[in-house]
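Shown next, in structure tokens, is the structure this report addresses.
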Amino acid sequence: MAKLMRRDLKWRMRRFQNLEIKTRDENENKSRRKMAADSSAKSENFVNMKYENSSDPTPLKKLRTENDKPHGEGEDSESLGEQILDIGEHYLVRRSDNSWHPAEIIQNRFNELENCFEYYVHYDGFNRRLDEWVQKHRIMNSRFDMTEQHWKNKENQAVDLLDQSERKITRNQKRRHDEINHVQKSECTYCHPPGKEIYRCGNISIYEVDGSFHKLYCQNLCLLAKLFLDHKTLYFDVDPFMFYILCVIDKYGAHLVGYFSKEKESPDGNNVACILTLPPYQRQGYGKFLISFSYELSKAEGLIGSPEKPLSDLGKLSYRSYWSWVLLGIMRNSKGNSTTIKELSEMTSIAQTDIISTLQAMNMVKYWKGQHVICVTPKIVDEHVQSTQYKRPRLQVDPTYLRWTPPPKRVHSKSGKK
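Okay, here's the thing in structure tokens:
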């Protein structure tokens with residue numbers, strides 16, 4: 001009996017000890033979990049405080065979501081954050097046709113307008129004419145292994161469409177190719193435009209070319225002008241027009257600088273249909289020289305001329321500058337004598353509407369009793385002459401070097417726009 005009691009007491013003591021150990025372990029685990037939770041909360045509060053003081057508008061939760069994405073998700077380069085891709089590495093890039101193709105990064109740059117990096121890529125197996133700048137959202141975030149077998153096979157099968165079209169040459173294409181590339185070479189004997197030289201002063205020369213006699217040359221000239229004039233619409237119907245071509249002369253011949261065309265018979269009284277100075281010779285006075293020459297032809301014909309409307313912005317500035325220079329010069333030399341708009345038009349061959357618009361821009365004309373009247377004093381004229389808007393042309397036409405007679409009047413005429 002005593003043995004049973006001792007055995008039962010030992011069992012109870014052992015059970016109590018095990019229960020006490022278990023309780024102590026559970027308390028320790030709870031304490032550890034609580035300490036870990038407190039530490040995590042403090043860390044999160046610190047990050048949030050740092051985020052609130054920064055200028056990055058990206059929420060913390062969004063950053064965690066993007067960083068916690070498993071590998072393979074978010075294949076666009078947005079998942080790379082601000083990481084700059086390495087030059088010389090290969091990535092899968094989405095082309096303009098939404099197809100993915102391996103490409104090598106050649107160069108990078110920062111686009112300040114878009115506030116992002118751009119990469120100049122070369123698509124493997126394609127012609128370098130197809131290289132382009134792409135943004136990071138068109139690039140996958142993982143480097144591409146060019147040793148993969150399935151892409152090797154595709155690379156061998158990839159053919160540039162442009163090169164493919166060049167290889168498939170038909171008989172007609174071959175004939176045209178031979179006509180262009182196998183022309184017998186010879187020395188060019190045309191050192192100046194066709195037609196008649198009607199003006200030569202120093203190294204400046206002007207040729208008159210009839211569109212009906214030199215049709216091909218005038219058509220090519222119009223096509224050349226179309227490269228720099230957006231509003232030009234007619235190129236082939238050159239018969240009703242005369243072309244006046246300005247050239248600079250040197251030991252090699254006459255070099256085209258610019259030209260203007262005019263209708264042989266203009267019902268609207270236009271002395272210029274199209275005017276152009278080639279870009280390499282702009283801002284050197286050749287444009288105003290052509291304008292001045294067109295009015296010298298109008299004076300020789302005894303007609304009042306005006307450019308064909310509407311004028312472009314640059315054309316309006318050039319004409320307005322020329323008109324103001326001519327009119328101010330005449331009024332300055334009039335020495336206080338009264339001059340009418342009609343008299344100015346007859347002396348300069350400038351249309352009255354152009355004179356009125358020019359004087360209105362200088363606040364020198366008033367509308368009184370149903371007509372426009374010039375209201376100026378010598379002091380006002382001198383102020384305009386001394387202003388920065390008054391610009392003396394760099395090149396001026398000398399009428400004594402003009403060798404030209406007006407053509408005879410024609411009864412039937414065609415009209416168009418050159």
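Just so we're aligned, residue 1 is where the sequence shown starts under the UniProt record's numbering, counting upward by one.
Every residue, glycine too, gets a C-beta built ideally from N, C-alpha and C.
It should be emphasised that the depicted structure is a prediction, and the values quoted were computed from it without experimental measurement.
Sorted by chain position, which residues of the same chain lie with C-beta nearer than 6 Å to K152's C-beta, five sequence neighbours on each side aside? Taking the first residue of the sequence shown as position 1, residue 152 is located at position 152. Below a pLDDT of 50, predicted positions are generally treated as unreliable, and K152, at 49, falls in that range; the measurement from the model is reported next regardless. Result list for K152: empty, nothing under 6 Å.
Could you say which of V248, S306 and L278 lies nearest to S266 if we only look at CA atoms? Along the sequence shown, read from residue 1 onward, the residue named residue 266 stands at position 266. Cα-wise, what sits closest to S266 is S306.
Got a sec? Which residues, its chain only, sit under 6 Å from R403 by beta carbon, not counting five neighbours each side? As a position in the sequence shown, residue 403 is number 403, starting the count at 1. Same-chain partners within the cutoff: I198.
Does the segment 373-385 come close enough to the segment 345-354 that 3 or more CB-CB pairs lie under 8 Å? no
Reduced DSSP secondary structure (H/G/I, E/B, other) of S334: Your numbering for residue 334 matches position 334 in the sequence shown. It is coil, neither helix nor strand.
The segment 385-403 in contact with the segment 321-328 per 3-pair CB rule at 8 Å: yes
Under 8 Å, do Y295 and N271 count as touching if we go by C-beta distance? Numbered from 1 along the sequence shown, position 295 holds the residue referred to as residue 295. Numbered from 1 along the sequence shown, position 271 holds the residue referred to as residue 271. A contact, by the Cβ cut-off of 8 Å.
Supposed close pair S318, K288 - CB separation, criterion 8 Å: By 1-based counting over the sequence shown, the position of residue 318 is 318. By 1-based counting over the sequence shown, the position of residue 288 is 288. Between K288 and S318 the Cβ distance is about 6 Å, and since that is below 8 Å, they are a contact.
Per DSSP, what kind of secondary structure is N98 in: helix, strand or coil? The residue you call residue 98 lines up with position 98 of the sequence shown. Coil at N98, not helix or strand.
How should L223 be labelled, buried or exposed, when 16 other C-beta atoms within 10 angstroms of its C-beta is the threshold for buried? Locating residue 223 in the sequence shown gives position 223, where the first residue counts as 1. Per the 10 Å Cβ criterion, exposed.
6 Å CB neighbourhood of D239 in its chain, flanking five on each side removed: Here residue 239 is taken as the residue at index 239 of the sequence shown, counted from 1. Closer than 6 Å at the Cβ level, and outside the excluded window around D239, lie G211 and S212.
Report the residue from R128, G88, R94 and I204 whose alpha carbon sits nearest the alpha carbon of D398. Reading the sequence shown from its first residue, position 398 is the one you call residue 398. Here the closest residue by C-alpha is I204.
Any idea what DSSP makes of T348, helix, strand or coil? Here residue 348 is taken as the residue at index 348 of the sequence shown, counted from 1. Correct three-state label for T348: helix.
Whole-angstrom Cβ separation of I275 and G315, contact assumed at under 8 Å? Looking up residue 275 in the sequence shown gives position 275. Looking up residue 315 in the sequence shown gives position 315. Contact holds; Cβ gap of about 7 Å.
Classify P399 as helix, strand or coil using the three-state DSSP reduction. The residue labelled residue 399 in the question sits at position 399 within the sequence shown. Here P399 sits in helix by DSSP.
So, is C218 buried or exposed, given that buried needs 16 or more other C-beta atoms within 10 angstroms? Here residue 218 refers to the residue found at position 218 when the sequence shown is read from its first residue. Classification for C218: buried.
Helix, strand or coil: how does DSSP classify V376 here? Numbered from its first residue, the sequence shown carries residue 376 at position 376. In the structure shown, V376 sits in coil (DSSP, three-state: anything other than H, G, I, E or B).
Check each candidate in Y401, K232 and Q352 and name the one with the smallest Cα separation from R200. As a working note, residue 200 is residue 200 in the sequence shown. The candidate whose alpha carbon is nearest that of R200 is Y401.
Quick check: what's the CA-CA separation for I84 versus Y119? Residue 84 sits at position 84 when you count from the first residue of the sequence shown. Residue 119 sits at position 119 when you count from the first residue of the sequence shown. When rounded, the distance between both Cα atoms is 10 Å.
D354 at chain C interface by Cβ criterion, 8 Å: Although the question refers to chain C, the structure presented lacks it and comprises just one protein chain.
What's the gap between the Cα of H150 and the Cα of D178? Against the sequence shown, residue 150 aligns to sequence position 150. Against the sequence shown, residue 178 aligns to sequence position 178. Unreliable positioning characterises H150 in this predicted model, as indicated by a pLDDT of 49, which lies under 50. A coordinate reading is not provided.
For P194, which residues of its own chain have a beta-carbon under 7 Å away from its beta-carbon, when the five flanking residues on both sides are left out? If you number the sequence shown from 1, residue 194 lands on position 194. Taken in chain order, the residues that qualify are V209, H214 and Y217.
Using the C-alpha atoms, what's the distance from S298 back to I291? Locating residue 291 in the sequence shown gives position 291, where the first residue counts as 1. Locating residue 298 in the sequence shown gives position 298, where the first residue counts as 1. So the two alpha carbons sit approximately 11 Å from each other.
Nearest to G202 (by Cα), restricted to the options N363, R171, E343 and L246: Locating residue 202 in the sequence shown gives position 202, counting from the first residue. When each option's Cα is compared against that of G202, the closest is L246.
Only counting the same chain, and skipping five residues up and downstream in sequence, which positions put a Cβ closer than 8 Å to that of V257? Taking the sequence shown and counting its residues from 1, one reaches residue 257 at position 257. Cβ neighbours of V257 beyond the five flanking positions: L246, C247, V248, T277, L278, Y281 and Y286.
Classify K50 as buried or exposed, calling it buried when 16 or more other Cβ atoms lie within 10 Å of its own Cβ. Taking the sequence shown and counting its residues from 1, the one referred to as residue 50 is at position 50. Note on K50: pLDDT 45, under 50, position unreliable in the model; the coordinate value appears next. Exposed is the call here.
Alpha carbon to alpha carbon, how far is Y259 from C188? Counting from one through the sequence shown, the residue named residue 259 turns up at place 259. Counting from one through the sequence shown, the residue named residue 188 turns up at place 188. Roughly 22 Å between the two C-alpha positions.
Buried or exposed by the 16-neighbour rule on C-beta atoms within 10 Å, applied to V134: Taking the first residue of the sequence shown as position 1, residue 134 is located at position 134. Per the 10 Å Cβ criterion, buried.
Which of the three DSSP states is assigned to N363 in this structure? Counted from its first residue, the sequence shown places residue 363 at position 363. It is coil, neither helix nor strand.
Residue range of the unbroken beta strand (DSSP E) whose run includes Y199: Taking the first residue of the sequence shown as position 1, residue 199 is located at position 199. Start and end: K196 to C201.
Distance, Cα to Cα, K264 vs P407? Reading the sequence shown from its first residue, position 264 is the one you call residue 264. Reading the sequence shown from its first residue, position 407 is the one you call residue 407. Between K264 and P407, the C-alpha separation is close to 9 Å.
DSSP on G74, reduced to helix/strand/coil? Residue numbering aside, residue 74 sits at position 74 when the sequence shown is read from its first letter. Annotation note: pLDDT 43 at G74 (below 50); position unreliable, coordinate value reported separately. G74 falls in the coil class under three-state DSSP.
Whole angstroms is fine: what's the gap from L227's alpha carbon to Y190's? The residue given as residue 227 occupies position 227 in the sequence shown. The residue given as residue 190 occupies position 190 in the sequence shown. Rounded to the nearest angstrom, the two C-alpha atoms are 23 Å apart.
Proximity below 8 Å, CB of E89 to CB of I105: Within the sequence shown, residue 89 is the residue found at index 89, counting from 1. Within the sequence shown, residue 105 is the residue found at index 105, counting from 1. Yes, the Cβ-Cβ distance between E89 and I105 is below 8 Å.
Which one of G125, A273, E114 and M331 has the shortest CA to CA distance from V365? Position 365 of the sequence shown, counted from the start, is the residue given in the question as residue 365. If we check each option's Cα against that of V365, M331 comes out closest.
State the Cα-Cα distance for the pair N108 and R95, rounded to the nearest angstrom. Locating residue 108 in the sequence shown gives position 108, counting from the first residue. Locating residue 95 in the sequence shown gives position 95, counting from the first residue. Cα to Cα, the separation comes out at about 17 Å.
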